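The structure under discussion appears below in the form of structure tokens.
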Amino acid sequence: MDVSALDEASSAGNAVGIGEIMQAIAEHKGCGTSGGSGKASCGSQAGQGDLPTEIWDKVKNHPCYSEEAHHHYARMHVAVAPACNIQCNYCNRKYDCANESRPGVVSEKLTPEQAAKKVLAVASTIPQMTVLGIAGPGDPLANPKKTFKTFELVAKAAPDIKLCLSTNGLMLPDHVDTIARFKIDHVTITINMVDPEIGAKIYPWIFYNHKRYTGVEAAKILTDRQLQGLEMLTERGILCKINSVMIPGTNDQHLVEVNRAVKSRGAFLHNIMPLISAPEHGTVFGLNGQRGPTAQELKALQDACEGEMNVMRHCRQCRADAVGLLGEDRSAEFTSEKVMAMDVKYDLQMRKAYQAKVEEERVAKVAAKQEEVAELASEMSDIKLMVAVATKGSGLINEHFGHAKEFQVYELSMAGAKFVGHRRVDHYCQGGYGEEGRLASVIRAINDCHAVFVAKIGGCPKSNLLKAGIEPVDQYAHEFIEKSAIAWFKSYLDKMQSGETQHTQRGDAAIRQGALSSAA
Amino acid sequence: MPFKIIASQCTSCSACEPECPNVAISEKGGTFVIDPKKCSECIGYFDEPQCVAVCPVDNTCVVDTSLPRYQARA
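As they're listed, the protein sequences go chains A and B.
Sequence positions in the first sequence follow our numbering and run 1 to 520.
Sequence positions in the second sequence follow our numbering and run 1001 to 1074.
If you want it as structure tokens, here you go:
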């Protein structure tokens, strides 16, 4: 029901061709489709023709399953599932800071009834919110009653909202039928290993069948259950995304094997995320000095896995109570206190009308990009380079350099502009940072980029960026990201050909710890 | 020797509550507490105390040594 409702909304504005165009672009991005018409450059199912319409319908408005959609559509998580049944070395449930933002952290727990009310409040305020996920703060399937009660209430009150859950997979095989019955179209399983010896270094213990298991024995049970659950879901046509935490020296090389294992079991999308570990988080990895990957290391692994299947690169590793577009967090607007005080009217027509507008915007964006890509065909070059973009969403260059909490990173080549990641640059929980310190850390975060596209930028940061070898570009303010990036790339290539500039390689960049936070 | 939950360490995650075979655990004032009259240390039900096995914070569900009968035995 939810899918057809959204489909209607999208076709209301544009009668023909949206599906085709959107599919073409998502395919190019290596995220959101598999196979596709013609070349399956990053498809997970080689040889398959066009992505079936029913799968496209499932992902096209899901910000986590389609990179293209994440510029336009929002999601929310409700924190109804506090209990967990495994212990991970990158997680510390005791840690509590209102400004902290990463998986497993929330400001307040909700009952299913409070959660349903919150969903309606958000859906009324943010009409482009299309997906409700339950992702903890513990494990949804370690709290099956609360989780499924919430889904039941939301499905009744807001039938157009897609339901989604994210689990460690330990209890998954027991709940697959319930998941199918509740029409939960998207399930994410966190799989960090398929080798119990490696698992023992990541998971100190699991709680299963009334017993705490440790070491290799625990990891063996966990991996068996995860892969069994994945198979059961894909058999039923439920889309599965696999989340993997990249832990350098522990499972980084191994994740290529994980990628193969989940691909062969029908997973749709692989999301490889950098480890978040800082001593102040109090996690085992944070305390024992286990580092996270650099931007280059992460990208190299994602690139290696992309040949095998679709790879997600736009994950913001959000909180279990996040609200809004992936790159923003509006959860502070929807605390229980505020939600209870809201006069909520759920207006499906209004939501549909708004989403039809969004679809128009998407089509315009894709058309603009296609035009530029066609222009690029006259050039000949094997240069690949990356650029950073300051954006507030909608696929536009519409954020000031100084206001940006994150930069989106695109790789430019003859093939066009490809989203390859994002860099967080906000400074929560770090009082006393001056402007200079901030600028230095922004430069560190986008140090692998040749240029940064902004809506506006001051004279001082401009000259500092130039000194660091990063070209600040503000001539495409409020224009479409990809179209502009390709146009800039074209002029860059021209300048090189005329000998005006020389192409140089950039260095590595730092990935900041943590995800986007509402308090930033 | 019933178990108790050290409130300052409890994350209030609720994992222990449904695992207790004696329904001895409930939420009270933001964290969870064990009713010492109901706690059987899971003897007769399971090999290990369930609250201890499932709790994400080490040394949070512990034997309550402050009870008089424990003092007498010790």
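A virtual CB, placed ideally from N, CA and C, is assigned to each residue, including glycine.
Computed from a prediction, not measured in an experiment: that's the story for all the values here.
Can you tell me whether residue i is helix, strand or coil according to DSSP?
{"i": "N528/A", "result": "With chain A covering 1 to 520 only, the question about residue 528/A has no answer from this structure."}
{"i": "A1007/B", "result": "coil"}
{"i": "F407/A", "result": "strand"}
{"i": "C1061/B", "result": "strand"}
{"i": "L110/A", "result": "coil"}
{"i": "M496/A", "result": "helix"}
{"i": "G402/A", "result": "helix"}
{"i": "R351/A", "result": "helix"}
{"i": "A388/A", "result": "strand"}
{"i": "G292/A", "result": "coil"}
{"i": "G286/A", "result": "helix"}
{"i": "A374/A", "result": "helix"}
{"i": "H77/A", "result": "strand"}
{"i": "A26/A", "result": "With a pLDDT of only 38 at A26/A, under 50, the local geometry of the prediction cannot be trusted, and the value read off the model is given with reservation. Reduced to three states, the DSSP call for A26/A is helix."}
{"i": "R506/A", "result": "coil"}
{"i": "Q87/A", "result": "strand"}
{"i": "P137/A", "result": "strand"}
{"i": "T501/A", "result": "coil"}
{"i": "T130/A", "result": "strand"}
{"i": "K39/A", "result": "Confidence in K39/A is poor, its pLDDT being 28 and thus under 50, which makes the residue's placement too unreliable to answer from."}
Under 6 Å Cβ to Cβ from residue i, same chain only, skipping five residues before and after it: list those, please.
{"i": "Q228/A", "result": "P173"}
{"i": "M273/A", "result": "V245, C315 and Q317"}
{"i": "P1002/B", "result": "P1036, C1039 and D1064"}
{"i": "N464/A", "result": "L439"}
{"i": "V1138/B", "result": "Limits of chain B in this structure are 1001 at one end and 1074 at the other, which puts residue 1138/B out of reach."}
{"i": "G421/A", "result": "R313 and V409"}
{"i": "A388/A", "result": "F407, V409, I446, C449 and V452"}
{"i": "T294/A", "result": "D508"}
Using the rule of at least 16 other Cβ atoms within 10 Å of the residue's Cβ for burial, across every protein chain shown, is residue i buried or exposed?
{"i": "T1065/B", "result": "exposed"}
{"i": "G43/A", "result": "Only weak support is given to the placement of G43/A: the predicted model assigns it a pLDDT of 29, under 50, and the value that follows is read from those uncertain coordinates. Result: buried."}
{"i": "Q497/A", "result": "exposed"}
{"i": "D311/A", "result": "Before going further, note that residue 311/A is Val rather than Asp in the sequence given. It is buried - the Cβ of V311/A has at least 16 other Cβ atoms within 10 Å."}
{"i": "D321/A", "result": "buried"}
{"i": "P279/A", "result": "exposed"}
{"i": "I1043/B", "result": "exposed"}
{"i": "R212/A", "result": "buried"}
{"i": "C460/A", "result": "exposed"}
{"i": "G49/A", "result": "With a pLDDT of only 32 at G49/A, under the threshold of 50, the placement of this residue in the model should not be trusted, and no figure is reported."}
{"i": "P1014/B", "result": "The sequence as given places Ser at residue 1014/B; Pro does not occur at that position. Per the 10 Å Cβ criterion, buried."}
{"i": "S331/A", "result": "buried"}
{"i": "L466/A", "result": "exposed"}
{"i": "Q253/A", "result": "exposed"}
{"i": "P159/A", "result": "exposed"}
{"i": "Q475/A", "result": "exposed"}
{"i": "Q505/A", "result": "exposed"}
{"i": "R362/A", "result": "buried"}
Got a sec: is the Cβ-Cβ distance from residue i to anything in chain B below 7 Å?
{"i": "R316/A", "result": "no"}
{"i": "G215/A", "result": "no"}
{"i": "G282/A", "result": "no"}
{"i": "R444/A", "result": "no"}
{"i": "G138/A", "result": "yes"}
{"i": "H210/A", "result": "yes"}
{"i": "R93/A", "result": "yes"}
{"i": "A81/A", "result": "no"}
{"i": "F207/A", "result": "yes"}
{"i": "Q430/A", "result": "Low confidence applies here, because Q430/A scores a pLDDT of 44, under 50, leaving its location unreliable; read the following figure in that light. For Q430/A, the answer is no, since every Cβ of chain B falls outside 7 Å of its Cβ."}
Is there at least one Cβ from chain A nearer than 7 Å to residue i's Cβ?
{"i": "T1011/B", "result": "yes"}
{"i": "F1032/B", "result": "no"}
{"i": "P1049/B", "result": "no"}
{"i": "S1026/B", "result": "no"}
{"i": "A1053/B", "result": "yes"}
{"i": "S1014/B", "result": "yes"}
{"i": "F1046/B", "result": "yes"}
{"i": "P1056/B", "result": "yes"}
{"i": "N1059/B", "result": "no"}
For residue i, which residues in the same chain have their Cβ closer than 7 Å to its Cβ, ignoring the five residues on either side in sequence?
{"i": "A218/A", "result": "Y203, W205 and I206"}
{"i": "V339/A", "result": "K117, K118 and A121"}
What in chain E is Cβ-close to residue i, meaning under 9 Å?
{"i": "S1040/B", "result": "Annotation note: the requested chain E is absent from the structure, which comprises protein chains A and B."}
Can you give me the Cβ contacts of residue i inside the same chain, cut-off strictly under 8 Å, excluding the 5 residues immediately before and after it?
{"i": "T178/A", "result": "P144 and F148"}
{"i": "E1048/B", "result": "C1042"}
Give a single yes or no on whether residue i has its beta carbon closer than 6 Å to a heavy atom of the ligand FAD.
{"i": "P144/A", "result": "Inclusion of the ligand FAD in the displayed structure is not the case, the ligand content being empty and no account of it being possible."}
Exercise for the section: Enumerate, from N- to C-terminal direction, the unbroken alpha helix (DSSP H) stretches of 4 or more residues contained entirely within the region 157-243 of chain A. Expected result: 172-181, 196-202 and 215-235
Practice task
Enumerate, from N- to C-terminal direction, the unbroken alpha helix (DSSP H) stretches of 4 or more residues contained entirely within the region 410-487 of chain A.
Solution key: Runs of the alpha helix (DSSP H) inside the region 410-487 of chain A: 435-445 and 459-467.
Practice task
May I have a chain-ordered list of the alpha helix (DSSP H) segments no shorter than 4 residues that lie completely inside the region 1006-1039 of chain B?
Solution key: Within the region 1006-1039 of chain B, the complete alpha helix (DSSP H) runs of at least 4 residues are 1016-1019.
Practice task
Would you mind listing the alpha helix (DSSP H) stretches within the region 299-351 of chain A that are 4+ residues and don't spill past its ends, in chain order?
Solution key: 336-341
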